[in-house]
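K.L.:
Numbering (this note's numbering), first residue to last: 508 to 928. Backbone N, C-alpha and C fix where the C-beta goes; we use that ideal spot for every residue, glycine too. Treat the numbers as computed from the prediction; the structure is a model and nothing was measured.
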Amino acid sequence: MTFPANIAVNAERLWDTIMQTAQIGATAKGGIKRLTLTDLDRQVRDWFRTACAAAGCSVTVDDMGNMFARRPGRDNALPPIAAGSHLDTQPTGGKFDGIIGVLSGLEMLRTLNDLQIETNAPIEVINWTNEEGSRFAPAMLCSGVFAGAFSRDFADSRTDREGLRFGDELERIGYRGGETCGAHKLGAHFELHIEQGPILEAEGKTIGIVTGVQGMRWFEVTVTGNESHAGSTPMQLRRDAMLGAARMIIAVNDIACRHGPAGVGTVGLVECRPNSRNVIPGEVFFSVDFRHPSDAEVVAMEDEMRAAIAAVAAETKLQAAIERVWDSPAVRFNQECIDAVRDAAAAQHYPAREIVSGPGHDSAYVARVAPTAMIFVPCAGGLSHNELEKTEKEQVTAGANVLLRAVLATDQRFADRAGGG
Ligand SMILES: [Zn+2]
Numbered sequence: 508m509t510f511p512a513n514i515a516v517n518a519e520r521l522w523d524t525i526m527q528t529a530q531i532g533a534t535a536k537g538g539i540k541r542l543t544l545t546d547l548d549r550q551v552r553d554w555f556r557t558a559c560a561a562a563g564c565s566v567t568v569d570d571m572g573n574m575f576a577r578r579p580g581r582d583n584a585l586p587p588i589a590a591g592s593h594l595d596t597q598p599t600g601g602k603f604d605g606i607i608g609v610l611s612g613l614e615m616l617r618t619l620n621d622l623q624i625e626t627n628a629p630i631e632v633i634n635w636t637n638e639e640g641s642r643f644a645p646a647m648l649c650s651g652v653f654a655g656a657f658s659r660d661f662a663d664s665r666t667d668r669e670g671l672r673f674g675d676e677l678e679r680i681g682y683r684g685g686e687t688c689g690a691h692k693l694g695a696h697f698e699l700h701i702e703q704g705p706i707l708e709a710e711g712k713t714i715g716i717v718t719g720v721q722g723m724r725w726f727e728v729t730v731t732g733n734e735s736h737a738g739s740t741p742m743q744l745r746r747d748a749m750l751g752a753a754r755m756i757i758a759v760n761d762i763a764c765r766h767g768p769a770g771v772g773t774v775g776l777v778e779c780r781p782n783s784r785n786v787i788p789g790e791v792f793f794s795v796d797f798r799h800p801s802d803a804e805v806v807a808m809e810d811e812m813r814a815a816i817a818a819v820a821a822e823t824k825l826q827a828a829i830e831r832v833w834d835s836p837a838v839r840f841n842q843e844c845i846d847a848v849r850d851a852a853a854a855q856h857y858p859a860r861e862i863v864s865g866p867g868h869d870s871a872y873v874a875r876v877a878p879t880a881m882i883f884v885p886c887a888g889g890l891s892h893n894e895l896e897k898t899e900k901e902q903v904t905a906g907a908n909v910l911l912r913a914v915l916a917t918d919q920r921f922a923d924r925a926g927g928g
């Protein structure tokens with residue numbers, strides 16, 4: 508080991524940094540609204556670039572806006588060992604989702620500087636663009652391009668609900684970088700994240716050793732009927748898109764329950780047109796999110812949903828168009844990276860358990876092109892994608908310490924392997 512046995516991050520500095528950047532897009536309820544590629548996203552990116560430069564790092568940006576802050580090592584021809592996550596948030600997001608992964612990475616760089624530790628490979632911190640997918644679907648868009656799951660043209664063509672294009676917005680905020688997305692090689696990738704579920708807290712564990720991510724598919728459904736007057740159109744002559752959509756939404760819930768307890772299904776976004784109290788709805792748009800640790804079960808849920816929606820549409824004389832906008836297969840992380848997380852937690856005597864991630868993460872895509880694992884820390888009540896999202900300072904510190912140690916141990920392991928032949 509070339510790093511001190513008791514190595515730890517500066518807990519105060521990390522917490523202060525989290526609270527400081529939480530002011531960028533701060534909401535009245537204590538959360539953050541910092542949607543991807545908005546002016547607030549640009550502001551936090553500018554802050555991140557400045558902070559990394561102050562820590563002696565060079566920052567490069569690829570053509571999807573992914574940011575890579577590099578601290579040189581002894582052998583800069585080696586691919587870097589990276590810590591990555593995201594600084595964008597949901598419209599009513601919290602202070603921790605994604606953010607602690609990037610800022611603990613920054614704290615890792617600062618700690619290495621404080622202790623004057625020279626790593627073998629370069630160490631990098633990555634801010635992935637548009638993890639949340641709230642403004643531009645699908646989620647994890649730019650780690651997806653990085654891993655070859657999506658093309659750059661596909662990403663650029665994504666539009667928000669106002670019709671603004673991803674590519675145009677990326678250029679508007681000045682973060683279309685010169686490096687081709689995906690050309691940047693990584694030796695390994697670690698991501699610290701809040702669990703966004705209740706399991707660690709319920710079991711009194713500080714660290715989740717994440718072994719993989721469950722499979723998921725997203726759909727967009729547009730139901731079309733006929734707008735007409737609410738006072739003069741008899742019930743039997745109506746083609747009410749809202750009524751059909753309501754029955755389809757219940758069907759989505761029933762399908763997920765049939766595939767439970769591991770299967771989950773959610774309709775979280777509904778738009779009704781014209782959305783007027785005395786007009787029978789002519790068009791309803793809604794999203795569907797299905798997840799399960801088994802890919803075969805996700806496929807079955809999709810098949811059942813398509814059949815159920817077709818049946819409701821036929822009965823209610825409506826048209827229903829279903830678009831699958833995202834397919835993310837279940838992921839198993841790299842065993843050596845998982846072990847590095849486990850060893851790091853054990854070395855610091857943090858109570859830990861293995862866990863499969865329910866939510867998707869950038870690491871799910873990065874795992875396709877680099878050895879990857881994740882570290883979870885608890886969040887109060889399992890609450891996330893919520894302004895009241897809360898993780899204690901001690902828990903964030905523990906996660907950052909595990910991240911630091913896993914990265915350093917991996918760097919050491921690669922060096923030993925190269926040296927040992
Ligand atoms: Zn996240």
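(1) Check this for me: beta carbons of I633 and V609, under 9 angstroms apart or not?
(2) Looking only at its own chain, which residues have a Cβ that is under 7 angstroms from the Cβ of G704, when we skip the five neighbours before and after it?
(3) Apart from the five residues on each side of it in sequence, which residues of its chain come closer than 8 angstroms, Cβ to Cβ, to N785?
(4) Leaving aside the five residues before and after I845 along the sequence, list all residues of the same chain whose C-beta is less than 7 angstroms from its C-beta, in chain order.
(5) A763 to N620, Cα distance in whole Å?
(6) Please confirm whether any heavy atom of ligand 1 lies closer than 8 angstroms to the CB of E639.
(7) Report buried or exposed for Q530, applying the criterion of at least 16 other Cβ atoms within 10 angstroms of its Cβ.
(8) Mark G655 as exposed unless 16 or more other C-beta atoms lie within 10 angstroms of its C-beta, in which case mark it buried.
(9) Using CA atoms only, rank isn't needed, just tell me which of I514, T524, S650, R578 is closest to K602.
(10) So M615 and V914 are in contact, right, with Cβ under 8 angstroms, and what is the actual spacing, rounded?
(11) I want to check one thing, is the minimum distance from the CB of D604 to the heavy atoms of ligand 1 below 8 angstroms?
(12) Any chance the CB of S592 is under 8 angstroms from a heavy atom of ligand 1?
(13) Is the beta carbon of H799 within less than 8 angstroms of some heavy atom of ligand 1?
(14) With a cut-off of 8 angstroms on the beta carbons, I'd call V566 and Y682 a contact; round off their distance for me.
(15) Would the beta-carbon of H736 be found less than 8 angstroms away from any heavy atom of ligand 1?
(16) Please work out which residues of its chain come closer than 8 angstroms, Cβ to Cβ, to T823, disregarding the five sequence neighbours upstream and downstream, and give them in chain order.
(17) Between P866 and ligand 1, is the CB less than 8 angstroms from at least one heavy atom?
(18) Can you look up E625 in the DSSP assignment and give me helix, strand or coil?
(19) Considering only C-alpha positions, which residue in the set V903, D834, Q550 is nearest to V805?
(20) From what residue to what residue does the alpha helix (DSSP H) around S641 run?
(21) Quick check: V884 and L521, are their CB atoms within less than 9 angstroms of each other?
(22) For a minimum of 4 consecutive residues, which ranges assigned as the alpha helix (DSSP H) are wholly contained in the segment 546-592?
(23) Pick out the complete beta strand (DSSP E) segments inside the segment 796-849, 3 residues or longer, and give them in chain order.
(24) Return yes when at least one heavy atom of ligand 1 lies under 8 angstroms from the C-beta of G700, else no.
(25) In whole angstroms, what separates the C-alpha of G674 from that of L699?
(26) Have a look at G926, C688, R642, S783 and flag the residue whose alpha-carbon is nearest the alpha-carbon of R659.
(27) Starting from the C-beta of A515, find all residues in its chain whose C-beta is less than 6 angstroms away, skip the five residues before and the five after it, and write them out in chain order.
(28) Note down the Cα distance separating Q743 from A535, rounded to an integer number of angstroms.
(29) Leaving out five residues on either side along the sequence, give the residues of the same chain with a beta carbon under 6 angstroms from the beta carbon of V876.
(30) Going along the chain, which unbroken runs of the alpha helix (DSSP H) with 4 or more residues stay wholly within the segment 743-801?
(31) Less than 7 angstroms between C-beta atoms, sequence neighbours within five positions excluded: which residues of the same chain meet that for A518?
(32) So, is K712 buried or exposed, given that buried needs 16 or more other C-beta atoms within 10 angstroms?
(33) Hey, V728 and F792: beta-carbon distance below 9 angstroms or not?
(34) Select from V863, V819, G867 the residue whose C-alpha is nearest the C-alpha of A646.
(35) Mapping the DSSP letters down to three states, classify G532 as helix, strand or coil.
(36) Please say whether I756 and V771 have beta carbons closer to each other than 9 angstroms?
P.N.:
In terms of the structure at hand:
(1) Contact flag set, yes.
(2) Cβ neighbours of G704 within its own chain (closer than 7 angstroms, five residues either side excluded): G865, G889.
(3) The answer, listed in chain order, is H736, A737, G738.
(4) I716, T718, A880, listed in sequence order.
(5) Going by the C-alpha atoms only, they are around 49 angstroms apart.
(6) Distances between the C-beta of E639 and the heavy atoms of ligand 1 include at least one below 8 angstroms.
(7) Per the 10 Å Cβ criterion, exposed.
(8) With fewer than 16 other CB atoms across the displayed protein chains lying within 10 angstroms of its CB, G655 is exposed.
(9) Looking at I514, T524, S650, R578, the one whose alpha-carbon comes closest to that of K602 is T524.
(10) Contact check for M615 and V914: beta-carbon distance about 6 angstroms, within the 8 angstroms limit, so the pair qualifies.
(11) True, at least one ligand heavy atom lies under 8 angstroms from that Cβ.
(12) Within the cutoff, so yes.
(13) Within 8 angstroms of the C-beta of H799 there is not a single heavy atom belonging to ligand 1.
(14) 11 angstroms between Cβ atoms; not a contact.
(15) No - ligand 1 has no heavy atom lying nearer than 8 angstroms to the Cβ of H736.
(16) Here T823 has G732, R746, D747, L750, G751, R754 as same chain residues with Cβ atoms under 8 angstroms from its own Cβ, once five neighbours each way along the sequence are excluded.
(17) Yes, the beta carbon of P866 sits closer than 8 angstroms to at least one heavy atom of ligand 1.
(18) Coil at E625, not helix or strand.
(19) Nearest of V903, D834, Q550 to V805, Cα basis: D834.
(20) Looking at the DSSP string, S641 is not in any alpha helix (DSSP H), and its letter there is neither H nor E.
(21) Result no, Cβ atoms of V884 and L521 do not sit closer than 9 angstroms.
(22) Taking 4 residues as the minimum length, the alpha helix (DSSP H) runs contained wholly in the segment 546-592 are 546-561, in order along the chain.
(23) You should have 826-835.
(24) The sequence given here has His at residue 700, not Gly. Flag set: Cβ of H700 near ligand 1.
(25) Inter-residue distance for G674 and L699 is about 28 angstroms (C-alpha atoms, whole angstroms).
(26) With distances taken between Cα atoms, R659 lies closest to C688.
(27) The beta carbon of A515 is closer than 6 angstroms to those of N908 in its chain, skipping five residues each way along the sequence.
(28) Rounded to whole angstroms, Q743 to A535 spans 47 angstroms at the Cα level.
(29) Within the same chain, Cβ atoms closer than 6 angstroms to the Cβ of V876 are found at A654, the five residues on either side in sequence being excluded.
(30) Positions of the alpha helix (DSSP H) runs, each at least 4 residues long and wholly inside the segment 743-801, are given as 748-765 in order along the chain.
(31) Cβ neighbours of A518 beyond the five flanking positions: K900, T904.
(32) Result: buried.
(33) In this structure, F792 lies closer than 9 angstroms to V728 by Cβ.
(34) Of the listed residues, the one whose Cα sits closest to A646 is G867.
(35) It is coil, neither helix nor strand.
(36) When the beta-carbon positions are compared, V771 and I756 stay at least 9 angstroms from each other.
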